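**Student:** Got a structure for you, questions after.
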Amino acid sequence: MMKKFNFKKKEQEEEVPTAPPPPVPKAPVEQSRASVVDVEEKTGGGRFGLDRFMKKKKKDDVDEEAIASPPPPPPRTGGGDGGRPKKSRTSSKKSKVIDDNDDDDGHRSKSSSSSCCGCKRLLTGGFCLLLLATAGIITWRYGPWASRSSNATSLVAANTCDKCCNGLASNCDLPVNDVLFPMVHNAHSSYADNFMGANNNRPFEEALVAGYRALGMKTCECEGFLSKVLLERDEEWGLGSSNLGFCHTACGAGVRDPKDVMTNLKTFLETNPREVLIIKFDMGEGSSADLRTALQYSGLLEYVYHPQDEYYIEEWPTLKQLIDNNTRLILFGSGDGMDSCPAYDCDDGILYANDHFSTTSDLEGCDPTISGDVFVGYLMMNHYEEGKMKIPSPKRARDLNSYANLEERFETCEGQRMPNLLAVEFWDEGEALDFVKNLNAGKNRNGGEYEGRQEDENSLGM
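Numbered per the working numbering, the sequence shown spans residues 27 to 488.
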């Protein structure tokens with residue numbers, strides 16, 4: 027029996043054609059057993075049914091194993107997750123929502139924390155920069171290199187004589203508004219006085235000594251902290267709680283103390299009795315009251331000229347008359363709410379500039395900024411401009427202040443109202459003083475006209 031079985035089985039196995047084995051997928055062992063059972067069912071059993079019995083027994087064994095352990099999931103084709111069971115779509119979404127919420131909360135927490143830290147760093151850094159900047163300004167402003175004294179000896183005018191009026195004897199008989207005054211724009215602002223973006227190289231005291239006889243100055247109210255550090259605030263001058271300074275933009279960028287400025291102005295007038303000065307104040311917001319207080323305590327008001335006319339001064343005094351009466355300081359002002367006032371009744375003798383001044387409209391000629399039958403005593407020629415980055419340029423001033431440039435511009439004024447104030451910056455650059463002196467020397471006493479030129483009677487100021 028066994029031999030026959032084995033023979034038949036061998037014979038049958040010999041009759042079954044051999045076929046190349048199918049590729050075996052990478053799967054658990056249970057799947058391989060199931061595939062074996064399927065193959066035996068297809069190939070049939072033995073002659074006496076023993077094969078069927080064996081196949082049935084194997085199949086039962088496989089079924090019992092399948093019942094005992096659930097079938098493994100089919101292998102995934104992608105992802106490389108090692109055949110992990112796939113979660114249900116609903117539970118995945120819930121889990122993802124929870125995870126996202128947790129991530130959002132964590133992100134918000136981290137973001138707010140980092141934002142808070144960033145603000146603290148920014149505030150700390152800004153405070154440190156402010157302290158460093160303040161320390162730098164104080165050191166720069168009051169370091170040993172910044173010390174400079176202007177005493178009476180150093181304020182003696184360079185070109186003067188016993189019979190001269192502002193440097194020339196021929197000026198004495200001319201009305202003050204027929205004489206050409208060289209003027210320093212923003213005279214308080216200089217690099218010598220530690221201003222940033224200054225309008226001049228040297229201080230106004232040196233400009234007065236050199237021959238300039240008109241100053242444009244701007245007052246301001248300094249910041250409370252800086253005023254305590256940068257200003258003297260003399261109580262004897264009524265400035266104990268004052269923040270008054272002479273500055274251009276902000277006190278931190280440069281400031282002159284009002285006591286220092288006015289003391290030096292008075293010293294110059296006392297030292298040079300044959301010189302007449304014109305000062306034009308541009309009063310910043312909130313500074314006019316303190317400026318008037320400082321003027322009253324300085325002693326400058328005793329030199330101020332007080333006209334007896336109303337709004338239009340038809341005839342201005344000659345330089346000789348101002349010198350003889352010792353009223354050698356003419357003050358003009360504007361800003362901080364100052365309004366037009368009768369010339370004889372303007373407070374502290376500060377004449378309202380817009381009642382008596384006109385300015386040129388550009389750098390090309392003598393055309394004034396006002397038109398029509400408006401009578402003013404002074405035409406100021408602004409002969410300066412800003413350089414790159416809106417900062418005053420010494421190089422540009424050197425060109426503008428050259429003799430040739432000034433002569434060319436004044437030639438365009440023929441037949442028009444002639445300027446009697448020439449405002450420049452970087453006064454030590456160029457030949458502005460030489461030009462003004464020669465121009466004044468060429469005048470004759472013929473109604474204050476320039477020699478060889480006839481002015482239109484209907485033009486401004488005539």
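Cβ atoms here follow ideal geometry from the backbone N, Cα and C, with glycine treated the same way. Model, not experiment: these values are computed from the prediction.
Around the Cβ of Met415, are there at least 16 other Cβ atoms within 10 angstroms (buried) or fewer (exposed)?
**Tutor:** Label assigned to Met415: exposed.
**Student:** Which whole-angstrom value describes the C-beta separation of Phe436 and Met406, a residue pair presumed to lie in contact below a C-beta threshold of 8 Å?
**Tutor:** No, Phe436 and Met406 are not in contact; Cβ-Cβ is about 14 Å, not under 8 Å.
**Student:** Spell out a yes or no on whether the segment 198 to 210 and the segment 444 to 453 are touching, meaning 3 or more CB-CB pairs, one atom from each, closer than 8 Å.
**Tutor:** They touch, by the three-pair rule.
**Student:** With a threshold of 16 other CB atoms inside 10 Å of the CB of Thr438, please say whether the residue is buried or exposed.
**Tutor:** By the neighbour-count rule (16 or more Cβ atoms within 10 Å), Thr438 is not buried but exposed.
**Student:** Would you kindly check if the distance between the Cβ of Ala379 and the Cβ of Pro333 is under 7 Å?
**Tutor:** No, these two residues do not count as a Cβ contact at 7 Å.
**Student:** Quick check on the DSSP output: the beta strand (DSSP E) that includes Val450 runs from which residue to which?
**Tutor:** Per DSSP, Val450 belongs to the beta strand (DSSP E) from 447 to 450.
**Student:** By how many angstroms is the C-alpha of Lys285 removed from the C-alpha of Val255?
**Tutor:** Looking at the two C-alpha atoms, the distance is approximately 15 Å.
**Student:** Could you tell me whether the Cβ of Glu249 comes closer than 7 Å to any Cβ of chain B?
**Tutor:** In the structure shown, chain B cannot be found, because there is only a single protein chain.
**Student:** State the Cα-Cα distance for the pair Gly474 and Gly250, rounded to the nearest angstrom.
**Tutor:** Unreliable placement is indicated for Gly474, whose pLDDT of 45 sits below 50; no coordinate value is reported for it.
**Student:** From the DSSP output, in three-state form, read off Cys143 for me.
**Tutor:** DSSP places Cys143 in helix when its eight states are reduced to three.
**Student:** Do you know whose CA, among Leu257, Asp316, Leu295, lies nearest Gly277's CA?
**Tutor:** First, the residue type needs correcting, since residue 277 is Cys and not Gly in the sequence shown. Closest option to Cys277, Cα to Cα, is Leu257.
**Student:** So who's on the other strand from Val330, going by DSSP bridges?
**Tutor:** Val330 is bridged to Leu355.
**Student:** Here's the rule I'm using: 16 or more other beta-carbon atoms within 10 Å means buried, otherwise exposed. How should Lys244 be labelled?
**Tutor:** When all chains shown are included, Lys244 counts as buried.
**Student:** Can you give the beta carbon distance from Phe307 to Gly359, rounded, assuming they're within the 8 Å contact cut?
**Tutor:** About 4 Å; that satisfies the 8 Å criterion.
**Student:** Please say whether Asn298 and Asp454 have beta carbons closer to each other than 7 Å?
**Tutor:** Going by C-beta atoms, Asp454 is not nearer than 7 Å to Asn298.
**Student:** If we ignore side chains and look at the alpha-carbon of each, how far apart do Ser366 and Phe401 end up?
**Tutor:** Distance between the alpha carbons of Ser366 and Phe401 is about 14 Å.
**Student:** Exposed or buried, what is Asp188 when buried is set at 16 or more other beta-carbons lying within 10 Å of its beta-carbon?
**Tutor:** So Asp188 ends up on the exposed side.
**Student:** By Cβ distance below 7 Å, which residues in the same chain neighbour Asp219 in space, the five residues on each side in sequence not counted?
**Tutor:** Cβ within range, chain order: Pro229, Gly280, Arg282.
**Student:** With the cut-off set at 7 Å, would you say Ser215 and His274 are in Cβ contact?
**Tutor:** Yes, the Cβ-Cβ distance between Ser215 and His274 is below 7 Å.
**Student:** When you compare the CB positions of Asn185 and Glu231, do they come within less than 7 Å of one another, or not?
**Tutor:** No, these two residues do not count as a Cβ contact at 7 Å.
**Student:** How many Å lie between Asp460 and Tyr217 at the Cα?
**Tutor:** Computed Cα separation, rounded: 24 Å.
**Student:** Under a three-way DSSP split, which group does Met209 fall into?
**Tutor:** Correct three-state label for Met209: strand.
**Student:** Taking Leu265 and Glu247 to be in contact with their CB atoms under 8 Å, please state how far apart those CB atoms are, rounded to whole angstroms.
**Tutor:** With 8 Å as the limit, Leu265 and Glu247 do not qualify as a contact, their Cβ atoms being about 12 Å apart.
**Student:** What did DSSP end up calling Leu389 once you bin it into helix, strand or coil?
**Tutor:** Three-state result, Leu389: coil.
**Student:** So, Tyr323 versus Thr353, is the Cβ gap smaller than 7 Å?
**Tutor:** No.
**Student:** Tell me, which residues are paired with Ala240 by DSSP?
**Tutor:** Beta-bridge pairing links Ala240 to Met209, Ile304.
**Student:** Taking Met406 as part of the alpha helix (DSSP H), name the residues at either end of that continuous run.
**Tutor:** Looking at the DSSP string, Met406 is not in any alpha helix (DSSP H); the run it does join, the beta strand (DSSP E), is 404 to 408.
**Student:** Look up Ser216 in the DSSP assignment and say whether it is helix, strand or coil.
**Tutor:** Three-state DSSP puts Ser216 in coil, outside helix and strand.
**Student:** From the DSSP output, in three-state form, read off Gly193 for me.
**Tutor:** Looking at Gly193 - three-state DSSP - the assignment turns out to be coil, as it is neither helix nor strand.
**Student:** DSSP three-state call for Phe383: helix, strand or coil?
**Tutor:** Three-state result, Phe383: strand.
**Student:** Can you give me the C-alpha to C-alpha distance between Leu317 and Ile305, rounded to a whole angstrom?
**Tutor:** C-alpha separation (whole angstroms): 13 Å.
**Student:** Do you know whose CA, among Asp335, Val302, Ile339, Ile376, lies nearest Leu327's CA?
**Tutor:** The residue with the shortest Cα to Cα distance from Leu327 is Ile376.
**Student:** Measuring straight from C-alpha to C-alpha, what distance separates Asn427 and Tyr338?
**Tutor:** Whole-angstrom Cα-Cα distance: 32 Å.
**Student:** Using only CA atoms, which one of Ser313, Ile356, Glu336, Ile349 lies nearest to Asp362?
**Tutor:** Answer by Cα proximity: Ser313.
**Student:** Between which residues of its own chain and Asp335 is the CB-CB distance below 6 Å, once the five residues before and five after are set aside?
**Tutor:** So the list reads Ala369, once near-sequence residues are dropped.
**Student:** Where does Cys246 fall in DSSP's three states?
**Tutor:** Three-state DSSP puts Cys246 in a strand.
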